[in-house]
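Data block below; observations after.
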Amino acid sequence: MILYFFQGFIVITLIFGVFLTFKKKNWRMLGVFSFFLLGNLYGLAIPFLFQAPNDMDSLKIFVYVHSVRYLLYLTAILILINLTMKKNGS
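For the sequence shown, the numbering used here begins at 1247 and goes up steadily by one.
Below, the structure written as structure tokens:
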């Protein structure tokens, strides 16, 4: 129960970040917050979309479904690294 509270807090914070960056027209940070939010919401939806798989075919799909979530996180982290490098002038 506590885990869902923290997960909900993270989602609310990310939604607030999306609206704040949209208001300031900082499009790169909007992309970062959006990818993190999509990954987080996708991760919340995975257990409801796929109940415990019983056969091997479902297990193969389950791995790919989880990899999409981490691909969204990786995209957001790469955008953050790109923003940091541009701010430092490297």
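Beta carbons are placed, not taken as given, at the ideal position from N, Cα and C, and that holds for glycine. Source: prediction; values computed, not measured.
Give the single residue among Gly-1285, Phe-1251, Gly-1277 and Ile-1261 whose Cα lies nearest to the Cα of Ile-1327.
-> Cα-wise, what sits closest to Ile-1327 is Gly-1277.
Considering only residues of the same chain and omitting the five flanking positions on each side of Phe-1282, which have a CB-CB separation below 6 Å?
-> Within the same chain, Phe-1282 has close Cβ partners Leu-1260 and Ala-1322.
Consult DSSP for Lys-1270 and reduce its assignment to one of helix, strand or coil.
-> Here DSSP, grouped into helix, strand and coil, assigns Lys-1270 to helix.
Using a C-beta cutoff of 7 Å, does Ile-1258 count as contacting chain E?
-> Looking for chain E here will not work: only one protein chain is present.
Work out the CA separation of Met-1275 and Met-1216 for me, nearest whole Å.
-> Residue 1216 is absent from the structure shown; the chain starts at 1247 and stops at 1336.
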